[in-house]
Structure formats: structure tokens, C-alpha cells
Amino acid sequence: MHKLAGNGSWLECDTRFIPAHYQPASLIDLALGRGVNAHRLLQGTGLFHEDILTGNRLISAQQFLSLISNFQQQIPADDTSFLIGQQWLPGHYGAASHALRHAANLLEALERLVRLQPLLWPLLRLRLRIDEQYVWLEWGDSFGADAQGMFLIEASMAAVTGMSQWLSGQRLPWVFHLACDQPRYIEQYWVHLGEELRFACPLNQMCLPRSFLHQSWTGASVTAGQVAEQEGLAMLDALPAESSLLDALHDYLVQHARQPLRLEGVAKAFGMSPATLKRKLHKHGTGFQQQLDRARASVAMDLYQSRGYASDEVAQYLNFNDRANFRRSLRRWTGLLPSELRDWLANAGH
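Numbering (my numbering), first residue to last: 27 to 376.
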């Protein structure tokens, strides 16, 4: 349960908590290896290459996103997001990476990835859901990635695909759901992810038959993995806060999705005025209605996918009495009408 408190209780886009010598350093190394000028790469980020080499510089999500933006401008190649993603997991981030490296199976790896997410994948939210047939990994925006969002989603999916293949010794049959339209560089998706791709989806998700969750992975040390996870959790405790404002808000909105949710009430629950919450969301490039829609999309998809609810049951769960109003709302949340969503769900897992 998140602490619902006032200012300073959340990681925000300008909170410095990301070690510059972790994920940002690998991005810089890849750029320098392709002949990019270091000054141009770091321009406007408030970072110098010497800072990273000290091994003790912390940067904010805002700075990291600015670095990714520069990276995209300096290297407009279509494969960079996938290549950098493959480097990011298990990664070289001390105890957190060791905990992933020594996971006994896919379930343990995914649970540790979610639990240690601020250390292993600081810019995006990961949510793990397991139903009777599938395991679902859902990605959300923690800090207002905006223009860098698709780069991060591609990197994320490549990272989990590469990590699970390396640790399991086989290419797992992941199915990829992407909220974007099919890009012109589709061949990069085929090369780095595979051919089971679904575009223009309600959410950014990966799914896999749950039978792969408990297959034993050779080469894992159970004791080393458990010790590393404890060390990683201690590192989490040392962060300025336990989660980002957008993540905490998303979890709160999902948890209270059946209740009438308005800016004033939610702001009060977070120990701040409506004007302050509005200002903080604006700083992250978003607004209350946008976050509420995303949370309701997540709840609706869970009800449809994992609980097998019909549209009338989803509408009733979310307290919609007017069917037409629910249809309009569902289309705003997911981009699909109930009938379209039903057709999409029929092919979602395979």
C-alpha cells in the first residue's frame, strides 16, 4: 500500500534518483561507439561525461529523457531502441541485476523485475498479471515520457525478450501488444521481437502461456539470488521515495475504480490541494482525466482478459448504468468499441 502523504513522498520527474553510470551510461557508450559527439549528446541534460565516470552522480527522469531525446536525434537508426534494451536487462546494476541473473524461473525473474523496477527500469511502470491461461506484463508511463515513450516501450520489450531467452536457453513465444500503429520499420520488430505482433492495441503489453512460468532455469544460484534481492530491496529503501507520483496515482485510481473519482477527492487522499495535484500532473505532461482514463482502461482490460467478463458486466463493475455512455467511455479509454474489443480479445493471446 502506498503512503498517501504530501509533498516529497513521491519520485517526480525532477527527482534525482537514477545512477548516471547505470542505464544512462550504456546509452552514452552506444552513441559514442557510433561516432556521436559527446557534447552534442549531453547538451541540455545538465550532465558531463566526467560526472558519469565518478560513479556517484544521480540524475532525474527528466534528464534521462532529455538524454534519450538527444540520442534519437543524433542516431536516427531504427534499431537503437531494441539494441539498447537488450543491454539493459539483466544489466550491470549491482545487486538488482544479480537478483535477475539468478532467478530460478521466469516467474521469479518477472516478480523481481517488478519489485526492483525503480532500479532496473526506472522510467516505466511494470505490472505483472497472471490468469488461468497467460502471464501478462503491462507497461505504463512513470514520468511523462511523451516523445520518448515508444523508444522506451520498444527497448522494454526487447529487454524482457532477450533476458528471458538468455536465462531460459530458448526463445519464448511472447505475443506483443503495442498501442501504436504499425511503424514503417516493422522488420526491426521481426528481428528483435518476433512475428507475433499486435498493433493499435488498448495497452502496451506482452503475454505468454503461463506454462512457461515455472520451467527451471539452469545456472541459477537460489541463495545468491535471494541475497541479491534483499540487497536490492535495501537499495530501494534508500531512494527518496518508494514510487513515482504517476505510478502511485495509477495504483490508487485502479484500486478505487468502482467509486466516483474526482480531482478534489483524489488530491485530498494524496495530501495536497487540487491545484497542486493539477500542477504536478501538468509538470509531467499529463492531466487528471488522462490518468483516470488510463487506469480505467487497465481495469477494463483486466476484467475482459483475465476474468472473462462480458461488456455488460464490465459496465456494471465500473458503475455505468447507461450502455451508450459506457460504449463512448470504453472507446475513449481503449480506442475500441465493445464489439471491436471482443474481436481483438479473441486473438489477443495467440
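Beta carbons: idealized from backbone N, C-alpha and C, even for Gly.
Using a Cβ-Cβ cutoff of less than 7 angstroms, which residues in the same chain neighbour residue i once the five nearest sequence positions on both sides are dropped?
i      : result
GLU290 : PRO300
PHE90  : ILE44, PRO50 and LEU149
GLN69  : ASN96
GLN214 : ASP104, ASP105 and PHE108
SER332 : ARG155 and ASP157
GLN401 : Not covered by the structure: residue 401. The range shown for the chain is 27 to 376.
ARG60  : ILE101
TYR160 : CYS233, LEU234, PRO235, ARG236 and GLY375
MET176 : CYS206
ARG138 : ALA125, LEU126, ALA129 and GLU255
ALA171 : LEU91, LEU149 and LEU178
ARG42  : LEU84, ILE85 and SER86
TYR211 : ASP104
ASN345 : ARG284
LEU279 : LEU287, GLN317, LEU318 and ALA321
If I'm right that residue i touches residue j with Cβ under 8 angstroms, what's the distance once you round it to whole angstroms?
i      : j      : result
LEU287 : LEU318 : 6 angstroms
ALA57  : ILE101 : 6 angstroms
ARG353 : LEU363 : 6 angstroms
LEU132 : PHE238 : 6 angstroms
ALA321 : ALA295 : Not quite, the Cβ-Cβ distance comes to about 14 angstroms (not below 8 angstroms), so this is no contact.
GLN143 : SER194 : With a Cβ gap of about 21 angstroms, GLN143 and SER194 do not count as contacting.
ILE94  : LEU53  : 7 angstroms
THR360 : ALA336 : Going by Cβ atoms, the distance from THR360 to ALA336 rounds to 16 angstroms, so no, they are not a contact pair.
LEU385 : TYR119 : For residue 385 there is no data in the structure shown, the boundaries of the chain being 27 and 376.
SER365 : SER270 : Incorrect: roughly 36 angstroms between the Cβ atoms, too far for contact.
LYS306 : GLU38  : 7 angstroms
Within 10 angstroms of its Cβ, does residue i collect 16 or more other Cβ (buried), or is it exposed?
i      : result
SER86  : buried
GLU134 : buried
CYS233 : buried
TRP147 : buried
HIS308 : exposed
ASP273 : buried
GLY251 : buried
GLU76  : exposed
VAL201 : buried
SER247 : exposed
HIS47  : buried
THR414 : Within the shown structure, residues of the chain are numbered from 27 to 376, placing residue 414 beyond reach of any answer.
VAL217 : exposed
GLN88  : buried
PRO228 : buried
ALA326 : buried
PRO116 : buried
ALA226 : exposed
ALA264 : exposed
HIS65  : exposed
ARG358 : exposed
GLY313 : exposed
MET27  : Its pLDDT being 33, under 50, MET27 is placed unreliably by the model, and the measurement read from it follows with that caveat. Label assigned to MET27: exposed.
Verify the contact flag: residue i, CB atom, against every heavy atom of the ligand FMN, threshold strictly below 7 angstroms.
i     : result
LEU58 : Absence of the ligand FMN is noted for the structure shown, with no ligands found whatsoever.
Within the same chain, show all residues whose beta-carbon is closer than 8 angstroms to that of residue i, passing over the 5 residues directly before and after it, in chain order.
i      : result
GLU339 : LEU329
ASP55  : none
HIS310 : GLU38, CYS39, PHE169, GLY170, LEU271 and LEU272
SER190 : LEU132, ALA135, LEU198 and TRP200
THR244 : GLY195
CB-CB under 6 angstroms to residue i, same chain, minus the five flanking residues each way: which ones, in chain order?
i      : result
GLN231 : TRP162, GLU164 and HIS203
VAL386 : This structure gives no information on residue 386, because the portion of the chain shown stretches from 27 to 376.
GLY111 : ALA181, ALA184 and ALA185
ARG224 : HIS203
ALA372 : none
GLN113 : SER52
LEU136 : LEU154
GLU222 : VAL201
VAL62  : GLN100
GLY188 : GLN112
ALA31  : Reliability of the predicted coordinates at ALA31 is poor, the pLDDT of 41 falling under 50, and the value obtained from them is presented with this limitation in mind. So the qualifying residues of the chain are GLY297.
GLY81  : HIS47
Cβ of residue i less than 8 angstroms from any chain C Cβ?
i      : result
TYR119 : The structure shown contains no chain C; it holds only a single protein chain.
Ordered list of beta strand (DSSP E) runs contained in the region 194-220, each at least 3 residues
201-203
For the region 48-93, which segments carrying the beta strand (DSSP E) assignment without a break, of at least 3 residues, lie completely within its bounds, in sequence order?
84-86
Report the start-end ranges of each beta strand (DSSP E) in the region 130-184 that is 3 residues or longer and not cut off at the edges.
150-156 and 160-167
The region 116-128 contacting the region 254-271, beta-carbon criterion three pairs below 8 angstroms
yes
Extract the residue ranges of the alpha helix (DSSP H) inside the region 232-287, only unbroken runs of 4 or more that lie entirely within it.
248-263 and 271-281
Which complete alpha helix (DSSP H) runs does the region 326-364 hold, if anything under 4 residues is left out?
337-343 and 349-360
To test your reading of the DSSP string, which unbroken beta strand (DSSP E) runs of 3 or more residues are found completely within the region 92-117?
none
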